[in-house]
Structure formats: C-alpha cells, structure tokens
Amino acid sequence: STERLENLDEVLIKIEGSRASATLGDFPARRDTSTFGSFERRLSGAEAIARFGDARVRGIGASSRGNFRTLEFLGEEGKQGPYVLAGSGPNATGVIVAGSERVWLNGRLLTRGRDRDYVMDYSRGEIEFTNRVLVTAESRLAVDLEIAEQPYRRNLVLGEATIGREGAPFTWSTAVTSELDGLSPRNFTLNDERRAALEAAGDGPVLVSGAVCGVDGGDYVEEGDHFRWAGADSGTCDVSFVFLGENLGDYSRERDVDSGAIYFLFQGAGLGNYTPGLLLDAPRAHTLADTRLAWQAGRLSLSADGAFSREDRNRFSDSSLLREGAAGTATLAWESSRLTELAGPVTLQTRATFRGEQRDFASLGRDQEVWRGETWNFTDTTRADEGTGEATVALVGGTRWRASGTFGRLDRRERFASTRREGAFQWTGDRVTRASWREERVSRDDRADSSGTTEGDLVRRHGELAGRLGFLRPGATYYRDRREDTNAGLAAAGRDEEEWGGTLALAPAPSLQTDLRWARRTTDVVDAGTWVRDRVARTLEARTEWTPRRSVRARISWIHRAVDIEAGRPGVDTRSDLTRSDLSHEHFGGLFRGEYVYETTTRTFRNLVADPDAESVPTLALDASARLRIGGRSRARAGGGNESRAARWLSVVQFETLAQVSEETTRSDRGPIYRLDLSAFQSDDDTVFGRILTRQEVTLFPGAIREVSARWERIDTEDNRALPQRLDILTERTVLRVRNRLTPRWSVEAEGTLQDESRSNQSVPDFDVRLREIRGDLVHQPRPATRIVGGLGLVDERNDVNGARARSVEVRGELSTSVSTNGRARSEVTWSHPTLFEGIDAGNRFRTREDDRFEWRGTFELKVNEWVNTSVAYSGRAVVGVPTIHLLRAEVRALF
208 STERLENLDE VLIKIEGSRA SATLGDFPAR RDTSTFGSFE RRLSGAEAIA RFGDARVRGI
268 GASSRGNFRT LEFLGEEGKQ GPYVLAGSGP NATGVIVAGS ERVWLNGRLL TRGRDRDYVM
328 DYSRGEIEFT NRVLVTAESR LAVDLEIAEQ PYRRNLVLGE ATIGREGAPF TWSTAVTSEL
388 DGLSPRNFTL NDERRAALEA AGDGPVLVSG AVCGVDGGDY VEEGDHFRWA GADSGTCDVS
448 FVFLGENLGD YSRERDVDSG AIYFLFQGAG LGNYTPGLLL DAPRAHTLAD TRLAWQAGRL
508 SLSADGAFSR EDRNRFSDSS LLREGAAGTA TLAWESSRLT ELAGPVTLQT RATFRGEQRD
568 FASLGRDQEV WRGETWNFTD TTRADEGTGE ATVALVGGTR WRASGTFGRL DRRERFASTR
628 REGAFQWTGD RVTRASWREE RVSRDDRADS SGTTEGDLVR RHGELAGRLG FLRPGATYYR
688 DRREDTNAGL AAAGRDEEEW GGTLALAPAP SLQTDLRWAR RTTDVVDAGT WVRDRVARTL
748 EARTEWTPRR SVRARISWIH RAVDIEAGRP GVDTRSDLTR SDLSHEHFGG LFRGEYVYET
808 TTRTFRNLVA DPDAESVPTL ALDASARLRI GGRSRARAGG GNESRAARWL SVVQFETLAQ
868 VSEETTRSDR GPIYRLDLSA FQSDDDTVFG RILTRQEVTL FPGAIREVSA RWERIDTEDN
928 RALPQRLDIL TERTVLRVRN RLTPRWSVEA EGTLQDESRS NQSVPDFDVR LREIRGDLVH
988 QPRPATRIVG GLGLVDERND VNGARARSVE VRGELSTSVS TNGRARSEVT WSHPTLFEGI
1048 DAGNRFRTRE DDRFEWRGTF ELKVNEWVNT SVAYSGRAVV GVPTIHLLRA EVRALF
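Residue 595 in the working numbering sits at position 388 of the sequence shown, and the numbers go up by one each step.
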C-alpha cells in the first residue's frame, strides 16, 4: 500500500523580481509595520507581492503550523533551567514550532545558541539559559512562541496594501488578516454526539466520554462503575483521562515500576485528580482589520493606527458570543531647531502618545511591551476597556547629554487607574564615560470594592556612573524598586528591593580585557502590615578575554550568587555558581589545533516523570571537552609555500582526539566533580544524567590517492531522569575506512564497523547487541561529471541477552551525472534482504528487519538560465506489510 500525503514535505518555490515576487511552500511570514496587526507565523501555503512604484500589495493564503502564545513568568533562584514552556503538565499537548520563539530577560531580547543566551528543546517544550546570563528570583522572563497543538487545521489569509517607502514623508498601509479553523478535527473523531456537545457548549471546550470498550489492544478493563489498568495492550478498553484538579476526580496518575508506563488508578469518588474523559476544543475564527498612517513635515511628525477585531471561539455553536473590539493609537512628535550651545547643540524634543483599546479587542501577536504591569504598577490582568496617554519633553545636548521628563496615565475602566511620572538624565564624555539617573513614580488607585479602595505607590530609581583612569574603567550602579499597597491607611502588601553595585574593567593591553562586577541586593516585604527584611543577595561576576595573537584566544567567566533568607522567613539559603572557560589555539599553519571547554552550572532537578509533585533538588551540571588535531594539509602547503620536514611528515598522517564529559548530579560534595575525578561520576545514588565520550581518529595520506582512516569511539551514559528507571548504556565502536584510486576512472572504497551496545536497567541487562558490518563500493567515473557506484554490504547482529540473531545483505547502487552544462541528477537505491532472523529484537535495536526493505532517493538540479534555478528531490521507503513512505521536496528560485 502507499501512504497518502496531504501536502509536499519541505517544499519551497520562490520567484523574486524587481516588481513582483511569489513564494509557494513552507515559509515564515512576518508583519511588523502595524501596532495592532503585527504577527509572525510559520506557514505552509502561498505568498505573493506586487510593487507599483511606491505602492505594494501583498497576499497570503496558507495553513499555520502552530498557535501563538505569550508567557510571562519569574525565574527561580539557582535555576538556569529547564523552564517548561509547553508539552508538559496534566493535559498539555503539542510541541514548540522550531524557531518561532522570542525571549526577553528583564526587557532585553535574548539570542538563541549554546554560546549565546539560551538553548531550546522544542520537542520537550523547554528553555534553558546558558551561564552567560544569570537567572534569579527577580528575573522577569517573557516568551512569545507558537505551539503545534492545533486540534483543527488553521488557515491564515492576509490582504495588505502599502503606499510609500520607509523614510518617505508620507506612508499608509492597511490590511485584513483572518485565521480560520476548519470544521474537521485532526486528533479526534467528530461523531454526532460530540458535535451536538460542541454546538451546545458556547465559548468553552466540552468534556465528553473518553472510553471506548470492546477493542483489541486496549490498556484497561471495565469493572463495575470504573476502569482498571490491565497492562499495555492487555485490556479491552481504550480510555483517555483528563485532569480536573486536586481531589476533583476519581483517578490518580501512577507509573509502573517495571515497565515505566504511565497509567491511571481508580481511588474512589473525589479521591483523585483525574477522570475518564476527552476534552474537545472548538474551532475558532479570528479576523482583524487595521490601518496605519504616518506623516512628516519638517520637524513635525504624526502617526496613527487603528484596528478592529472579530473573534468567534466556537464555530459550531450559535450561542457562542461574537467578540468584537476596536483599538487605536496616535503619536505626535516635534523637534526644535538649535536653541543654544551647551556641550553641544541644544534642541527641544516633545512627544505625545494616546492609545485606547476595548475589552474584547484581540490582536494576532504581541501589541504591548513585555511586563507592562511593571511599568504601570499593576498585576490585575482582567480584560476591560483601557485608555493610555503619555507626554515626554526632552532637552538634548548633541551626543553628550539628554534630560527628559514624562507624564502618563493609564485608566482601565471599572478596575484601576495609574499615574506615572518619570525624570531622567544621561551624560557621556571622555573621563566620565557615562553618568545616568532615572526616577519613576507610579500611583495606582483601584476601584472601590467591599474592602474599600486600595492605593498602590511605586518608586523606582536607577543610577549608573562609569569613568576612565588610564587602563582602568571603574563604575558604580544603584537600583531601587519600592512598591506598597495600602488600604484604609494600612500596608496591605509591599516589596522593597535595593541594590548597590560596583564595576571595574581593566584593559592593560589591547589583547587583554577583564570585567568585574559586585552587587548586594536587599529585599524587604510587608508581613502582617509591617515591613520586615526578607533576604539579602550577593552577586560577583568576573570575565576575562585574552587574545595574544589571532591564532590564540582564551576566555574565562565566573558568576557567583549567594542568597541568605532571614530567620523566620519562608525559603532556604541558596548558592549558585556559573563558570565557563574556553581556550582555542592554532599553530604551524593549521597543523596543530586545540579547543578546550570547561563549564559548570547549578540547576534544579524535578523528577516529574516519576512523581508529578516532586520537589526540586539542587544539582550541579558540568560539561568539559578537549579536542586536539595534529597533522593534515597545512595552509602553507596548500598555498605553495615552503614547509619544514616535520610539516611535510605531518601532512602524511593526521591525528584527532576528542574527550567530552557531561555530568548532572545532586551530590553534595562537589569537589571531585569540579576536579574531573571520574570515579565520582555516574553514581546510581547522585547522578541525574552522565555521559563520557572518548574518540580517537587516525588518517593516513589525507586527501591523497590512497587514504586510510581508523576511528575508535566509546560512549558511556547513565540516565536516571525517568526514575525508577536507572539506565546504564555503553557503546563502543571501531570503524576502518580505505579508499584507493586504481586508475583515473576506477576506485574502490571499503568500510568495516565493529560496534557493541549494551543497556541495563537497575543493573538488570536489557540488551547487549554486537554489530559487525562490512561494506565495499566500486566507483567508476567515465567522465569528471559522472559517478557510478555499486556497493555490497554484509551485516551481522547478535543480542547476547536473549540470544536473538540477525543477518542481512544490502545492495546499493548510485548514479550521479550532469545532464547538461546547467543540470545535474543523482539517484540512489538500496535493497536490504534478511538471511537470518532468530528470536525477538528487544528494544528494536537491530538494523536488520524481518522483511525485505527498499529505500530510494533521487535529486535533480537545473540552472534554467542566468536568473532561474530549480531542484527536485524524491525519496521513499518500502517494507513488506508497512505503508510505503514517499517524500518530495521541490524548490525554484528566480531573480529577474
């Protein structure tokens, strides 16, 4: 049989020109020219753009890969990650769409990357911050992302028109965007009963029966008025469970000790957190129309945005409320000519902004700054009609100084009103390189309720001073954030954070730079109407970078943070250390290279798999690696320069060594871990996850007519993240490769592999697979642009735990050629035939399958002319008794 594909896989057809462009396939779509209509989505469909002078028309018709979601949360002390964003929890589904996230820390936009600010695990829905940024209990984190959890196929349609180029005195744009869910669910069957339930549900999701009995391979059996877990595929009922809340259900979530499987155990009415059921989501429709106008005449500029949205949260239900709302904003700015001279030409700048938004207005993306409540001193997120006005007046002295004052008011009708005042001054110079002071005062009046009127006051001050004394760059910082809520003259809640800090940068030479920072922060809170000291935190940071020459670079960073909780206050003292050291060097024209990394991070570990309510445990994560490469072709030889005798000898042989150690442990005595004492690694009692990798590779005559290489690799892994499973995995692999050119047109290539992989759980062996593989290829090149390969492979596998064995023969053919001066085609076919298959393939570890298997792949690339390039790739796999898989990738690029 053949598996039907609903759309092409990884298709991109793109045509670009000076007046028009079109995209068909998978592409990111972004709109950022509107305050209320901005969005970013990963789409599959079509986009077209046409230009008529200064006018542009854009249209999109596509399906969305995920749903937009925004999160704001505080960090945890001593925890760099992982922080769960999606894919976790009682009923969470879906994964994060890769590359869709935007992350802010304390208002600063971060960059993804192991050597940058954070890393993402999209499948697990987790984010982890590197030791380049320190996450504390005061860290304000915000994340925008897309979640691939769509119960219905969601389509996006956009029509946009723009007049005027960026920087022109007049620009205007308008757009209509619609996101519409289809009526056919993707992850459940919509029968008459479920459709009727959705039609009567109104706006929210609906809970229906999640049990289907009388089936083969179910996990549960029916006993009276409840279900009992019978084991995986050992029952007659398929049952889904939904989380209701603490003691609101009848079942508890459990884990089988032997198999590690998750199941649900009946506890009695009102004694559990789960109940049998399926939570059905309703299809939605969301349409937004917006327009933007920008005009500039001399020193005066005006911009205005308006938008209208309509949202239907249940397309099945006639009783679903149709939410409609409007929003608008206008900004007027003016700058004077030079007034006088004071350390630079002095000008006056003014700016006024007014914004209004109705309660039921819904944007497609982020239309407010992150952590807006921090700016306006509120935590109430209840939707209501809202109006905001701000005015700023500033005196600017060229590039030297700036003094400004701001007054603003936010009125969320029927909820609260906040008044904000800000004054700021900034100076930059030679000896005093930077001096700044900013003070904010925000007063909030909550609307009166049964407890009276609550008033909130916030005072925020921030100061910075930095200077230059020879190669010294001393500095000082000050920060205070004091907020207090009072009711009838009594303190109801409050928090006062004050931090003093000092910085020192040393640059004794252009190749050496050192930065030091020290800070002490005190936190006071209101407890029973009285201000009390809650905690004292101290932070010490040190960073050094040394580049004595272009071929050598060394960097060291260390961050230490200590938090002491006052006696009688909730919480525990914490100590966090983040270190990273890396060294890279290169000598003798690239014949000798080395890279070394040593990194430690304190984290918290919560075993959610074994116990959803588990407590966090302080852990230390260490990653260290060393990579050395000696030999190979030097740049001097490649460039035709003179070489020493040693360099000529090293060009004949190349050595590459890699050693990596990773350990995440709850061990209290961390000294042996820091010292890389391997006897303290991979302990069943302390290790959360550990991995030790060693690799040695030797190559003779690299890049020559005859090349021989050998690689030995050993990977030792301990994985205790899914307790009660304690997995020990050991893999040893040896690979020998030989390549010999017999004639200018004929060559042979051979490869032999010896691999042993074993795994045990709680010291009980799961499998011990020994793989022996040998492959040989005969390569013929009748002309430089054509390559024909015929190969034969023999695979022998054995599991010493259960005695299972398998052997197979693999035949491989490959043809690649240039069909013309502008086109190239390549095809490859592999046939695998089992000659022996005995026993059970425990853990699905054998490469050999019980039936014949075909795999194929073909690609074609063609340069049509100077402006158009196209390529098509088609691959597939066929196994007896299994649906055939077909994958197609097409791409067209044009420039005219």
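Note that the Cβ used here is the ideal one computed from N, Cα and C, for glycine as well.
According to DSSP, simplified to helix, strand and coil, what is A514? strand
Using only alpha-carbon positions, find the residue among R315, R331 and V340 that is nearest to R321. V340
From the DSSP output, in three-state form, read off T399 for me. The residue asked about is misnamed: residue 399 is Asp in this sequence, not Thr. Looking at D399 - three-state DSSP - the assignment turns out to be helix.
DSSP three-state assignment for S1034, whether helix, strand or coil: strand
Where DSSP assigns a beta bridge to N362, which residues make up the other side? Paired residues: S270 and L387.
My output table needs one value for E904: the three-state DSSP class, helix, strand or coil. strand
Thinking S524 and A407 are a contact (beta carbons under 8 Å), I'd like their distance in whole angstroms, please. 7 Å
Here's the rule: buried if 16 or more other CB atoms are within 10 angstroms of the residue's CB, otherwise exposed. What is I1047? exposed
Taking just the CA atoms, how far does A699 sit from E621? Going from the Cα of E621 to the Cα of A699 covers about 21 Å.
Neighbour-count burial assignment, P755, 16 or more Cβ in a 10 Å radius: Classification of P755: exposed, given that the 10 Å Cβ count is below 16.
Just confirm the distance between the C-beta atoms of S271 and R248, as a whole number of angstroms; I'd bet it's less than 8 Å. 5 Å
Using alpha carbons as the reference points, say which of P483, A917 and N313 lies closest to R940. A917
Curious, which full-length alpha helix (DSSP H) runs of at least 4 residues does the segment 974–1010 contain? none
Inspect the beta-carbon positions of R772 and D780 and report whether they are closer than 9 Å. In the sequence under discussion, the amino acid at residue 772 is Ile, which differs from the Arg named in the question. Yes, the pair counts as a contact, with Cβ atoms nearer than the cut-off.
According to DSSP, simplified to helix, strand and coil, what is E335? Residue state, collapsed to three classes: strand.
Where G897 falls, given that 16 or more other Cβ within 10 Å makes a residue buried: buried
Under three-state DSSP, which class holds F623? strand
Per the contact definition of three or more C-beta pairs closer than 8 Å, is the segment 346–354 in contact with the segment 299–315? yes
Would you kindly check if the distance between the Cβ of E1021 and the Cβ of V1002 is under 9 Å? no
DSSP three-state label for T721, please. strand
Quick check: the segment 530–540 against the segment 564–584, are at least 3 beta-carbon pairs closer than 8 Å? yes
Cα-Cα, which of Y685, F888, S791 and V1036 is closest to V868? From the listed residues Y685, F888, S791 and V1036, the smallest Cα separation to V868 is found for F888.
Per-residue burial, A744 [other beta carbons within 10 Å of its own, 16 or more giving buried]: buried
Below 8 Å on the Cβ atoms is my contact criterion, and I expect G244 with D497 to pass it. Report the Cβ-Cβ distance as a whole number of Å. 4 Å
Short Cβ contact (9 Å threshold) for R740 with E752: no
Alpha helix (DSSP H) segment containing W578, residue limits: Per DSSP, W578 is not a residue of any alpha helix (DSSP H), being assigned neither H nor E.
Could you give the distance in angstroms between the alpha-carbon of A817 and the alpha-carbon of S954? At A817, the pLDDT of 44 sits below 50, so the modelled position is not reliable; the number obtained from the coordinates is stated separately. Cα to Cα, A817 sits roughly 55 Å from S954.
The segment 580–587 contacting the segment 550–560, beta-carbon criterion three pairs below 8 Å: no
Taking the beta strand (DSSP E) that Y325 belongs to, which residues open and close that run? Y325 to D328
Consult DSSP for S886 and reduce its assignment to one of helix, strand or coil. helix
Cβ-Cβ distance between R1019 and E1035 below 9 Å: yes
Excluding the five sequence neighbours on either side, which residues of its own chain have a C-beta within less than 6 Å of the C-beta of T1066, listed in chain order? Cβ-Cβ distances below 6 Å link T1066 to R1033 and A1080 in the same chain, with the five nearest sequence neighbours on each side left out; the list follows chain order.
Endpoints, beta strand (DSSP E) assigned at P199: In the structure as shown, the chain begins at 208 and stops at 1103. Residue 199 is therefore absent and cannot be evaluated.
Ignore the nearest five residues each way along the sequence and tell me which others in R545's own chain have a CB closer than 7 Å to its CB. P552, V553 and T554
Helix, strand or coil, according to DSSP, for G797 in the structure here? helix
Which of helix, strand or coil DSSP assigns to W502: strand
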